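Student: As given, the protein sequences belong to chains A and B, one line each in that order.
Per our numbering: the first sequence = residues 13 to 123.
Per our numbering: the second sequence = residues 51 to 164.
The C-beta atom is built at its ideal place from N, Cα and C for all residues, glycine as well.
These numbers were taken from a predicted model, which means no experiment stands behind them.
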Amino acid sequence: EDQVTQSPEALRLQEGESSSLNCSYTVSGLRGLFWYRQDPGKGPEFLFTLYSAGEEKEKERLKATLTKKESFLHITAPKPEDSATYLCAVQGAGANSKLTFGKGITLSVRP
Amino acid sequence: KAGVTQTPRYLIKTRGQQVTLSCSPISGHRSVSWYQQTPGQGLQFLFEYFSETQRNKGNFPGRFSGRQFSNSRSEMNVSTLELGDSALYLCASSLTSVNTGELFFGEGSRLTVL
Numbered sequence: 013e014d015q016v017t018q019s020p021e022a023l024r025l026q027e028g029e030s031s032s033l034n035c036s037y038t039v040s041g042l043r044g045l046f047w048y049r050q051d052p053g054k055g056p057e058f059l060f061t062l063y064s065a066g067e068e069k070e071k072e073r074l075k076a077t078l079t080k081k082e083s084f085l086h087i088t089a090p091k092p093e094d095s096a097t098y099l100c101a102v103q104g105a106g107a108n109s110k111l112t113f114g115k116g117i118t119l120s121v122r123p
Numbered sequence: 051k052a053g054v055t056q057t058p059r060y061l062i063k064t065r066g067q068q069v070t071l072s073c074s075p076i077s078g079h080r081s082v083s084w085y086q087q088t089p090g091q092g093l094q095f096l097f098e099y100f101s102e103t104q105r106n107k108g109n110f111p112g113r114f115s116g117r118q119f120s121n122s123r124s125e126m127n128v129s130t131l132e133l134g135d136s137a138l139y140l141c142a143s144s145l146t147s148v149n150t151g152e153l154f155f156g157e158g159s160r161l162t163v164l
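#1: According to a CB-to-CB cut-off of less than 8 Å, which residues of the stretch 100–123 of chain A neighbour chain B?
#2: Does the stretch 60–77 of chain B come into contact with the stretch 53–69 of chain A, if we say contact requires no fewer than three beta-carbon pairs (one atom in each stretch) closer than 8 Å?
#3: Just to confirm, are Arg80/B and Phe100/B a CB contact at a threshold of 9 Å?
#4: Which chain A residues are close to Glu157/B, counting only those with a beta carbon under 9 Å from its beta carbon?
#5: Where does Gly134/B sit, in a helix, a strand or coil, going by DSSP?
#6: Using 10 angstroms around the beta-carbon of Ile62/B, count the other beta-carbons present and answer buried if the total reaches 16, otherwise exposed.
#7: I want to verify the contact list: residues of chain A whose CB lies under 8 Å from the CB of Glu152/B, in sequence order.
#8: Going by beta carbon distance, what residues of the same chain come within less than 7 Å of Thr88/B, once the five residues before and after it are set aside?
#9: Let me check understanding here. Comparing Cα to Cα, which of Leu93/B, Arg117/B, Phe110/B and Gly108/B lies closest to Tyr139/B?
#10: Rounded to whole angstroms, what is the Cα-Cα separation between Phe110/B and Leu96/B?
#11: Under 9 Å between beta-carbons, which chain A residues line up against Gly108/B? List them in chain order, please.
#12: Can you tell me whether DSSP reads Glu98/B as helix, strand or coil?
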C-alpha cells in the first residue's frame, strides 16, 4: 500500500526565513508526486507535479524537488500570504491508481 | 471559467440519517473524484467516476456510494450516518482521469453528524 509521510506537522517561520517541507513516500512504481496548497475553508489547489528523481519545478517563492524516496518543497523568503497547509500526494504506476495524500504541513509565516 | 461547485456547503445530520452531496465539475471535465478530509486521517480517497463509470474505489464501507450523470455532475450518498462520518467531503474534477494527478477541488461540503 502506498504511504506518504509529511514532516514537520507544523512550521512557524518569520517573514523572509527560508525553509523546506519534507514528504517521504513509499509506492510501487511512481507515476507522479504532487504538491497542493490548502487555505482554511478551501479545497486544495494544485501546485506541482514531479515525475522522476532529479526533477525540479519552481513557482514564485516555491521550489519542489524529488528523489527516489522523498520530495522537498523549498520556500525562499516566505511572506505571510504563503501561510497555508501544504499537501503532498503520490500516485503509483498501476492502472487507475488512486492518489494517496499525506496529512499535510501547516505553515505559518509571521510578519 | 467556473470552478468545481459543491452543494450544500454545510449540513448537520443525526446518527442513522442519510445524506446526499452534489458536485458540478468544471465544464468539459469528465472525471470526478471524492475525498473525505478529517484532522486525524487527512485526505482519504472515496471513489472516482469517469464517463458515468466508477473507475476506482477507496477503502470505505458500502454505506458510502456515488454516481455520475451524463453531464458529468456527480453525487455521493452516505447512508446510516455515524458520528465518525463528520468530515469535510471534497470533490475534485480533472479533464481526463485522476491518473493525471492535477485535480481541481471544490470548497467542500462540511458534514456534522450529531
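Tutor: Let me lay it out:
#1: Ala101, Gln103, Asn108, Ser109, Lys110, Leu111, Thr112, Phe113, Gly114, Lys115 and Gly116
#2: no
#3: Position 30 of the second sequence, counted from the first residue, corresponds to residue 80/B. Position 50 of the second sequence, counted from the first residue, corresponds to residue 100/B. Yes, they are a contact pair.
#4: Position 107 of the second sequence, counting from 1, holds the residue named residue 157/B. Neighbours of Glu157/B on chain A, chain order: Gly53, Lys54 and Gly55.
#5: Counting from 1 along the second sequence, the entry for residue 134/B is found at position 84. If DSSP states are grouped into helix, strand and coil, Gly134/B belongs with the helices.
#6: Stepping through the second sequence from its first residue, residue 62/B is reached at position 12. Classification for Ile62/B: exposed.
#7: As a working mapping, residue 152/B is identified with position 102 in the second sequence. The contacting residues are Phe46, Phe58 and Thr61.
#8: Within the second sequence, the letter at position 38 stands for residue 88/B. So the qualifying residues of the chain are Ala137.
#9: Taking the second sequence and counting its residues from 1, one reaches residue 139/B at position 89. Ranking the options by Cα distance to Tyr139/B, first place goes to Leu93/B.
#10: Looking up residue 110/B in the second sequence gives position 60. Looking up residue 96/B in the second sequence gives position 46. Taking the straight line from one Cα to the other gives about 7 Å.
#11: Here residue 108/B refers to the residue found at position 58 of the second sequence. Simply Lys110.
#12: Residue mapping note: residue 98/B aligns to position 48 of the second sequence, counting from 1. Strand, per DSSP.
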